[in-house]
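In this text, residue positions in the sequence shown follow the numbering used here: the first is 1171, and each later residue adds one. The beta carbon of each residue, even a glycine, is placed where N, CA and C say it ideally should be. Fair warning: this is a prediction, and the values are worked out from it, not measured in the lab.
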Amino acid sequence: MKVLNLRTALSPWNPWIVLKNKTEAQGVILDLYDKLKGSGTVDFTYQYDAPYGGFIGPDGKWNGMIGDMINNVTDLAGPIFINEARAKAVDFAFPVDFSQLVIITGLVPAHKDPFLIFGVFPLAKLVNTRLESVFERIKKNLIKMDKGIPPWLDAVEAGKAAYIADTLYAKSIIGERFRVTGKCNIRVSTFDLCSGYIGLACRKGLKKKFLRSLDNGILRFNEGKLAKRHMLESVLFYEICSQNVPNVIKPLDLTDLVGAFTVFGTGICLSLIYFVIELVMNFRK
């Protein structure tokens, strides 16, 4: 029986692919590949620390792992977010998971400025900002997934920055930081922007028989919950950290509520003024 050998790109994304060194890796996807190799019909030649993702560059050509497959450098790569443009360039297997994005923020103490609510978004920003410009700023601020503990987490903890990332990746780096440094003042908050399925991508032209076997292997892998151990390990220290928050012993005082009462009182006063004006106008009629 002829064995199909696939050139396979591995790009770090905890817990899917975790690089131990330049020639060794572990994670959910590696477990999946090992299960597929057990059939005796397929084998994998790994390319470690391959470029992640894939976008159409200024020259109109794909880069990243998508570009490598188009240029016949690799046969299989991922996981990667599935979208329409990528699906036209490569073939996608059955999704391995649904990725929910989160905002990474610090646990910053409330600032006792009663009028801080008016300074959160300057009026010029509220009037002039359009949705398109927001997405353009997000695109320009994209960063590559860091190996180890990202240095920008210090700025997040200090309340000077916030980042958007995949849930499992975000929790794994926060948990690792907690394990190494003991620092635990960062949390994640879910939101619905750009969430989607992630899956393995295959170079177009591979045998349909292999694609069907890959789909079946992923389905059996997911139904058997064989990825559960890696996922639990990747977020374990984050869960310990997030449950280890000291109780707040100082209750709210009146100073904390002045801003809310100011907004409420201003609204009531404006309503009364409007009511009096309407009343006077009706009497004149």
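Continuous alpha helix (DSSP H) stretch holding Ile1199: start and end: Taking the first residue of the sequence shown as position 1, residue 1199 is located at position 29. Counting along the chain, the alpha helix (DSSP H) containing Ile1199 begins and ends at 1198 to 1207.
Continuous beta strand (DSSP E) assignments of at least 3 residues falling wholly in the stretch 1340 to 1388: 1356 to 1360, 1366 to 1372
Simplified DSSP state of Asn1175, which is helix, strand or coil: Residue numbering aside, residue 1175 sits at position 5 when the sequence shown is read from its first letter. Three-state result, Asn1175: strand.
Whether Phe1213 touches Val1173 by CB criterion (7 Å): Taking the first residue of the sequence shown as position 1, residue 1213 is located at position 43. Taking the first residue of the sequence shown as position 1, residue 1173 is located at position 3. Correcting the residue type first, residue 1213 is Asp in the shown sequence and not Phe. Yes, these two residues count as a Cβ contact at 7 Å.
Where the alpha helix (DSSP H) through Val1326 begins and ends: As a working mapping, residue 1326 is identified with position 156 in the sequence shown. Its alpha helix (DSSP H) spans residues 1323 to 1327.
Leu1396 versus Ile1438 - alpha carbon distance: Here residue 1396 corresponds to residue number 226 of the sequence shown, with the count starting at 1. Here residue 1438 corresponds to residue number 268 of the sequence shown, with the count starting at 1. Approximately 59 Å between the Cα atoms of the pair.
Pair within 7 Å by beta-carbon distance, Met1235 and Gly1227: Locating residue 1235 in the sequence shown gives position 65, where the first residue counts as 1. Locating residue 1227 in the sequence shown gives position 57, where the first residue counts as 1. No, these two residues do not count as a Cβ contact at 7 Å.
Per-residue DSSP class, three states only, for Ser1412: Mapped onto the sequence shown, residue 1412 falls at position 242. In the structure shown, Ser1412 sits in a helix (DSSP, three-state: H, G or I).
CB of Pro1249 within 7 Å of CB of Gly1369, strictly: Residue mapping note: residue 1249 aligns to position 79 of the sequence shown, counting from 1. Residue mapping note: residue 1369 aligns to position 199 of the sequence shown, counting from 1. Yes, these two residues count as a Cβ contact at 7 Å.
Whole-angstrom distance between Phe1407 and Tyr1216, CA atom to CA atom: As a first step, residue 1216 is located in the sequence shown; it is residue number 46 there, counting from the start. As a first step, residue 1407 is located in the sequence shown; it is residue number 237 there, counting from the start. If you take the alpha carbons of Tyr1216 and Phe1407, they lie about 29 Å apart.
Where Lys1330 falls, given that 16 or more other Cβ within 10 Å makes a residue buried: As a working mapping, residue 1330 is identified with position 160 in the sequence shown. By the neighbour-count rule (16 or more Cβ atoms within 10 Å), Lys1330 is not buried but exposed.
Reduced DSSP secondary structure (H/G/I, E/B, other) of Lys1258: Translated into positions along the sequence shown, residue 1258 becomes position 88. In this structure, Lys1258 counts as helix in the three-state DSSP scheme.
Distance between Leu1440 and Phe1434 (C-alpha atoms, nearest Å): To locate residue 1434, count along the sequence shown from 1; it is residue 264. To locate residue 1440, count along the sequence shown from 1; it is residue 270. Distance between the alpha carbons of Phe1434 and Leu1440 is about 10 Å.
Collapsed DSSP secondary structure at Asn1417 in the structure displayed: Taking the sequence shown and counting its residues from 1, one reaches residue 1417 at position 247. Because the pLDDT at Asn1417 is just 47, under 50, the model does not fix this residue reliably, and the value given afterwards should be weighed accordingly. Note: Asn1417 maps to coil in three-state DSSP.
Spatial neighbours of Trp1232 in its chain, beta-carbon cut-off 8 Å, leaving aside the 5 residues before and after: Within the sequence shown, numbered from 1, the residue matching residue 1232 stands at position 62. So the list reads Gly1224, Phe1225, Ile1226, Ile1240, Ala1259, once near-sequence residues are dropped.
Inter-residue spacing [alpha-carbon to alpha-carbon] between Trp1183 and Asn1355: Taking the sequence shown and counting its residues from 1, one reaches residue 1183 at position 13. Taking the sequence shown and counting its residues from 1, one reaches residue 1355 at position 185. If I take the Cα positions, the gap works out to 23 Å.
Chain-order list of residues whose beta-carbon lies under 7 Å from that of Arg1349 (same chain, five-residue window excluded): Position 179 of the sequence shown, counting from 1, holds the residue named residue 1349. Within the same chain, Arg1349 has close Cβ partners Phe1407.
When Phe1431, Leu1180, Lys1374, Ile1447 are compared against Thr1193, the one with the closest alpha-carbon: Start at 1 with the first residue of the sequence shown, and residue 1193 comes out as number 23. For Thr1193, the nearest C-alpha among the options comes from Leu1180.
Expected contact under 8 Å - CB spacing of Ile1334 and Ile1273 to nearest Å: Within the sequence shown, the letter at position 164 stands for residue 1334. Within the sequence shown, the letter at position 103 stands for residue 1273. Between Ile1273 and Ile1334 the Cβ distance is about 6 Å, and since that is below 8 Å, they are a contact.
Beta bridge counterpart(s) of Gln1217 as assigned by DSSP: Translated into the one-based positions of the sequence shown, residue 1217 becomes position 47. In the DSSP output, where bridge partners are listed per residue, Gln1217 has Ala1179.
Boundaries (first-last residue) of the beta strand (DSSP E) holding Gly1465: This structure gives no information on residue 1465, because the portion of the chain shown stretches from 1171 to 1455.
Asp1137 versus Gly1387, Leu1376, Lys1353, residue with shortest Cα-Cα distance: Shown here, the chain extends from 1171 to 1455; a query on residue 1137 therefore has no answer.
Start and end residues, alpha helix (DSSP H) containing Asp1238: As a working note, residue 1238 is residue 68 in the sequence shown. Unbroken alpha helix (DSSP H) run through Asp1238: 1234 to 1240.
Helix, strand or coil at Gly1437 [DSSP, three-state]: Within the sequence shown, the letter at position 267 stands for residue 1437. Residue state, collapsed to three classes: helix.
Neighbourhood of Trp1186 by C-beta, 6 Å cutoff - its chain only, sequence neighbours within 5 removed: Stepping through the sequence shown from its first residue, residue 1186 is reached at position 16. Cβ within range, chain order: Gly1197, Val1198, Ile1199, Pro1249.
8 Å contact criterion, which Leu1381 and Asp1261 should meet: CB distance rounded: Along the sequence shown, read from residue 1 onward, the residue named residue 1381 stands at position 211. Along the sequence shown, read from residue 1 onward, the residue named residue 1261 stands at position 91. Sure, about 6 Å apart at Cβ, within 8 Å.
Assigned exposure category for Phe1443 - 16 Cβ within 10 Å defines buried: Residue mapping note: residue 1443 aligns to position 273 of the sequence shown, counting from 1. It should be noted that the sequence gives Ile, not Phe, for residue 1443. Classification of Ile1443: exposed, given that the 10 Å Cβ count is below 16.
Tyr1444, DSSP secondary structure in three states: Start at 1 with the first residue of the sequence shown, and residue 1444 comes out as number 274. Note: Tyr1444 maps to helix in three-state DSSP.
Whole-number beta carbon distance between Ala1247 and Thr1337, since they are thought to touch under 8 Å: Here the question's residue 1337 lines up with position 167 in the sequence shown. Here the question's residue 1247 lines up with position 77 in the sequence shown. About 21 Å separates the two Cβ atoms, so there is no contact after all.
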